[in-house]
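Undergrad:
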Amino acid sequence: MDSENTQAFLRPRARLMSTLGEELISNERVALTELVKNAYDADASLVVIKFNGPLEEGYGSIEVWDDGHGMSPETVRDTWMEIATPIRHRAPRSERFGRRVLGAKGIGRFSAARLGAVTAITSRRAGGPEVNIRLDWSDFAAENAYLDQVPVQWNVGAPEVFADNGQARGLFDEVTRTFRTTEKQPA
């Protein structure tokens, strides 16, 4: 059989998303650690993990809140939606505190697949609009679908959760009040 020089292109199946999340992330503790690392890379000084029971398959939820710099719509479109983006190689330090970034491989976003069937993300860059992303991980399970055939729903709107008096501010204030250390008075 004679052969010609031909080209072919690798084309990932949509189920790659769940494979990365469920199989590359070894367990739920690692998944939560990856999400905390994302917060660290976003210069967060506070990360709150809320468990809403019952934590049984099909019930409950886990919420990860942080006070990092947030994502703009452009960051969502050009970085978060781009798997294996080279952004961390170009910027190996966090923008505000100059921390050495921990999430260089871009797998943190897949951690959520290990934790639940649906992921909802709300983010806001200071002074900008709020961005909401919703991922139903089962959308990526279609056997014949390719990754570029599964739309990810996201929208941009006026700040609500991360507004000055929004849910995030209330949570962060409550946690700070509750866990604030008091200085010991000299004897």
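Numbered according to this note's numbering, the sequence shown spans residues 37 to 223.
All C-beta atoms in this analysis are idealised placements derived from N, C-alpha and C, irrespective of residue type, glycine included.
1. In chain order, which alpha helix (DSSP H) runs of at least 4 residues are fully inside the stretch 133 to 201?
2. Once DSSP output is grouped into helix, strand and coil, what is the label at Asp-103?
3. Kindly indicate which residue of Trp-116, Asp-79, Ile-123 and Asn-168 has the alpha-carbon position closest to the one of Asn-191.
4. Considering Cα atoms alone, identify which of Gly-89, Val-84, Arg-150 and Thr-111 is closest to Glu-59.
5. So, do the stretch 132 to 140 and the stretch 205 to 217 have three or more beta carbon pairs nearer to each other than 8 Å?
6. With H, G and I counted as helix, E and B as strand and the rest as coil, what does DSSP make of Arg-126?
7. Measure the alpha-carbon distance for Ala-148 versus Thr-212 and round it to whole angstroms.
8. Work out the CA separation of Asn-41 and Ile-157 for me, nearest whole Å.
9. Among residues of its own chain, excluding the 5 on either side of Val-84, which ones have a beta-carbon nearer than 7 Å to its beta-carbon?
10. The beta strand (DSSP E) that contains Phe-87, what's its start and end?
11. If you follow the alpha helix (DSSP H) that Thr-69 is part of, which residue opens it and which one closes it?
12. Exposed or buried, Ser-159, counting other C-beta atoms within 10 Å across all chains shown (16 or more means buried)?
13. The alpha helix (DSSP H) with Glu-93 in it runs from where to where?
14. Which residue marks the beginning of the alpha helix (DSSP H) containing Gln-203, and which one marks its end?
15. Where does the unbroken alpha helix (DSSP H) through Thr-55 begin, and where does it stop?
16. Could you tell me if Val-154 is buried or exposed, where buried requires 16 or more neighbouring beta carbons within 10 angstroms of its beta carbon?
17. Going by DSSP in three states, Arg-49 sits in which element: helix, strand or coil?
18. In terms of DSSP beta bridges, what is Ser-97 paired with?
TA: According to the data block:
1. 144 to 151
2. coil
3. Asn-168
4. Arg-150
5. no
6. helix
7. 26 Å
8. 45 Å
9. Trp-101, Leu-207 and Val-211
10. 83 to 88
11. 64 to 77
12. buried
13. Run containing Glu-93: none; DSSP gives neither H nor E here.
14. 203 to 215
15. 52 to 55
16. exposed
17. strand
18. Asn-88
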